[in-house]
Amino acid sequence: MISVLVLTKNEEQDLPGCLDSVAWSDDLHVFDSFSTDRTVDIAEAAGATVTQRKFDGYASHRNAALTQCAFKYPWVLILDADERVPSPLHAEMIAATREANPSVSAFRIRRRDFFHDRWLKHAQISPFYVRLVRPDKVHYEREVNEVLIVDSEIGELSEPFDHFPFSKGIRHWIEKHNIYSTMEAQRWWDEQKGAFEFSWSKAFFAKDFSERRYHQKGLFYRL
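Read in this note's numbering, the sequence shown has 83 at position 83, and its numbers run on one by one without any break.
This is the structure we're talking about:
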């Protein structure tokens, strides 16, 4: 089996659908940032274990979730409340984790973004995300647009999971990305004052998309 981790903050609208899509797991964990709506009640009603922690940054918060939750199984699927797991992906994950080589510590999964019921097929820079992990073999870095660092090999799954970023409306989506852009600007400023080195070769040839994007942004900002 696979444990499931869902990170939340005031997700009473989207959480029910997320938890319904992973009801096959008997080890659900909701890592909550002290929601003020019905998020915790919904999680507990679905049989999830709820852990609460004050949010202090994307990487640090996700790292805390991976270390503080007492997962029942060695493999953990990481989700946000506006994401869903179709049945074909569930079946593929079960098979992949049973047959995984010991050198594999995570799996990369394709994400499909939707606007209402329409799949935004050509709207993503990269649709691949590392979400199925051995929690003791991974950690996050960077407090905005966080990157998941895997200690060893990463496998690939073919079935996608679904993401509904506009479920709360376009206004909410814009406000959220305004927060991201402000944090990104602050991170850039901090990097210019520090000893951060960016690599042209990694910006174009690094195997991992997140690593390529990190070095690309650093170089583009300097230009």
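Heads up, the beta-carbon is just placed ideally off N, CA and C, and yes, glycines get one too. For clarity, every value in this text was computed on a predicted model and none was experimentally measured.
- request: Inspect the CB distances between the region 122-134 and the region 177-191 and report whether three or more fall short of 8 angstroms.
  value: Short answer: they don't touch.
field: Residue of TRP119, ALA100, SER35, ALA46 minimising C-alpha distance to ASP20
entry: Ranking TRP119, ALA100, SER35, ALA46 by Cα distance to ASP20 puts ALA46 first.
task: Look at the alpha carbon of PHE164 and the alpha carbon of ALA59, and state the distance between them as a whole number of angstroms.
output: A direct Cα-to-Cα measurement between PHE164 and ALA59 gives close to 22 angstroms.
- prompt: Which runs of the beta strand (DSSP E) fall wholly inside the region 59-140 and span at least 3 residues, in chain order?
  reply: Here the runs fully enclosed are 76-80, 104-115, 128-133.
Spatial neighbours of ARG53 in its chain, beta-carbon cut-off 6 angstroms, leaving aside the 5 residues before and after: Taken in chain order, the residues that qualify are ALA64.
Nearest-angstrom beta carbon gap, GLU159 and GLU211 [assumed within contact, 8 angstroms]: GLU211 to GLU159, Cβ: 25 angstroms. No contact.
query: Within this structure, are the beta carbons of ALA167 and ASP82 separated by less than 8 angstroms?
result: It is worth fixing the name first, because residue 167 is Ser in this sequence and not Ala. Cβ distance < 8 angstroms, so SER167 and ASP82 count as in contact.
query: By DSSP, does PRO153 sit in helix, in strand, or in coil?
result: According to the sequence provided, residue 153 is Glu. The question's Pro does not apply to it. GLU153: strand per DSSP, three-state reduction.
- request: Quick one: measure Cβ to Cβ for THR39 and GLU11, integer angstroms, because I've assumed they're closer than 8 angstroms.
  value: So it is a contact: roughly 5 angstroms between Cβ atoms.
task: State the Cα-Cα distance for the pair SER105 and VAL4, rounded to the nearest angstrom.
output: Cα to Cα, SER105 sits roughly 16 angstroms from VAL4.
- prompt: Taking GLY155 as the reference, which of GLU175, TRP173, ARG98 has the closest Cα?
  reply: Comparing Cα positions, the closest option is ARG98.
task: State the Cα-Cα distance for the pair ALA43 and ASP190, rounded to the nearest angstrom.
output: Using only the alpha carbons, I get a separation of about 37 angstroms.
task: List the endpoints of the continuous beta strand (DSSP E) containing VAL40.
output: DSSP places VAL40 outside any beta strand (DSSP E); the residue lies instead in the alpha helix (DSSP H), whose first and last residues are 39-45.
field: According to DSSP, residues forming a beta bridge with SER3
entry: Beta-bridge partners of SER3 (DSSP): VAL76.
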